[in-house]
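Reading through the structure tokens given below for one structure.
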Amino acid sequence: MNFLVRILFSGLMALVPNEDGTELTVLLLNVNHAYHTSDGAHVEHHNPYLIARAGNCTGQCPKRDATVAAPLFPDKSGTVALDALEAAVGGGGAWLLSGSELSIRKGSTSDPELPALALRTNVRGTDNGEPLMIPTTSTEREDFSWIARLEELCPTCTLNPDILATQPPEGLVVARLRLRSGKVFTYSVARIGTNVTPVHFKRLDGTGTAAAYSQAITTWVGADIEVSGDSIEIVEEKFDGGTGRSMILEPDANDKIEIAVLNLPSFVPPASPSNAMPQVGKHFEAYYDLTQTPPTKEERLVPRAGAASSTATYSEVAWQTIHPQATLWSDLLNAIRLDVGRGPYDRLLCPPIVP
């Protein structure tokens, strides 16, 4: 049997490729009510989830977990929220993560090996040798380079290597996925009005100059794994060596498994995806804590809608043009009301990053 596993990532997380491109570590930041941004505002607690929609699941496959359902469907009563979660996962399951080391493996030792990891690159357009500020086609949108790069905003910031240790620093990382298979690509860029629009980066208090780095930014990252076999296994181990769990997933009638890895605040999606102007990405300040020598919070640059004044002009491209519904439709995201253009980080500019 051949089937597709599509993994979709969004929320407060950093994606760290290793040097030879064989592994991508996805870090979900530990952000709770104790965290405050430089303006004194507290950041909403973020909920780290793994939600899988499949045809069948064996192992630990909760479908009616209130710790997942309640924050995912905060506007619904307890029973209705549980019903909604069960409908969303189908034959799969959902986990709330904590101190979790995740991996994705073939479901049986006799199955062929999963394909190697490949980052989707070199499809971004250029103008006179310079990268375009926005993607102008659906193919260009897939480029990995649309993920915001922290090193462009803080050249002296280097990732704290302890983040990748067997047990990362307590309080910084709540979960981590080691991805070694599949094609990784930009699934969507931030929706700002009706056209594709860059963002610029400046201090939260508005002082100082904006960074020269200005481009459209990723809000959802995708990874597609073409599987030969009957199933895949998702394994959770614990940073502290505690008891983990696993689920073995089989594809649905459409030969597909969908997995969402999320790190989001509790959020009631709007009825419409229309969004004229997202709020400044205060949450983005938390990313600098992953570095060896974090700058003070007041010095940290955060994303704002619109291109930097120092940058060149860019083409007028409708947002829908580079996000074809037929290609990007997701039964899972639709069921949890986070289909492209309706998520919290389309309302607030806090994209995933590459350190």
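Just so you know, we're using the numbering used here here: the sequence shown kicks off at 3 and counts up by one.
Ideal Cβ positions, reconstructed from N, Cα and C, are used throughout, including at glycine.
- Counting only runs of 4+ residues, the alpha helix (DSSP H) found wholly inside the stretch 46 to 115 occupies 68 to 74 and 80 to 91, in chain order.
- Under the DSSP assignment, residue 142 falls in the alpha helix (DSSP H) whose first and last residues are 140 to 143.
- Residue pairing of residue 183 in beta bridges, as defined by DSSP: absent, with no partner found.
- Taking every protein chain shown into account, the CB of residue 348 has 16 or more other CB atoms within 10 angstroms, so this residue is buried.
- The C-alpha of residue 27 lies about 23 Å from the C-alpha of residue 258.
- Under the three-pair Cβ rule at 8 Å, the stretch 79 to 94 does not count as touching the stretch 151 to 162.
- Within the same chain, and ignoring the five residues on either side of residue 4 in sequence, the residues whose Cβ sits closer than 6 Å to its Cβ are 230.
- Counted as a single uninterrupted DSSP element, the stretch harbouring residue 257 is not any alpha helix (DSSP H), since DSSP gives it neither H nor E.
- Residue 243 counts as exposed, since fewer than 16 other beta carbons sit within 10 angstroms of its beta carbon.
- Per DSSP, reduced to three states, the secondary structure at residue 136 is coil, with no helix or strand assignment.
- Looking from the CA of residue 180, the closest CA among 269, 102 and 211 belongs to 102.
- Here residue 336 carries a helix assignment [DSSP, helix/strand/coil].
- Nearest neighbour of residue 340 by Cα position, chosen from 221, 292 and 294, turns out to be 221.
- Counted as a single uninterrupted DSSP element, the alpha helix (DSSP H) harbouring residue 329 occupies residues 327 to 330.
- Per DSSP, residue 318 lies in no alpha helix (DSSP H) and is assigned neither H nor E.
- According to the DSSP assignment, residue 10 belongs to no alpha helix (DSSP H) but to the beta strand (DSSP E) extending over 4 to 13.
- In this structure, residue 201 places its C-beta atom within 8 Å of the C-beta atom of residue 192.
- In this structure, the straight-line span from the alpha carbon of residue 281 to that of residue 172 is close to 30 Å.
- 225 is the residue among 225, 153 and 196 whose C-alpha sits nearest the C-alpha of residue 183.
- Taken through DSSP and simplified to helix, strand or coil, residue 166 comes out as helix.
- Taken through DSSP and simplified to helix, strand or coil, residue 22 comes out as coil.
- Excluding sequence positions up to five before and after residue 37, its CB lies within less than 8 Å of the CB of 44, 45 and 288, all in the same chain and listed in chain order.
- Burial check for residue 135: the Cβ neighbour count within 10 Å reaches 16 or more, so the residue is buried.
- By the CB criterion at 8 Å, residue 232 and residue 110 fall inside the cutoff.
- When beta bridges are read from the DSSP output, residue 203 appears opposite 305.
- Relative to the Cα of residue 186, the nearest Cα in the group 124, 267 and 168 belongs to 124.
- Counting of Cβ neighbours within 10 angstroms places residue 300 among the exposed residues, the total staying below 16.
- As DSSP reads the structure, residue 248 sits in a beta bridge with 237.
- The DSSP-derived three-state label of residue 221 is strand.
- Under the DSSP definition of a beta bridge, residue 356 partners with 151.
- For residue 324, the CB contacts under 8 Å within the same chain, skipping 5 residues up- and downstream, are 137, 138, 139, 140, 142, 143, 191 and 198 in chain order.
- Taking C-alpha positions only, residue 34 is separated from residue 48 by approximately 6 Å.
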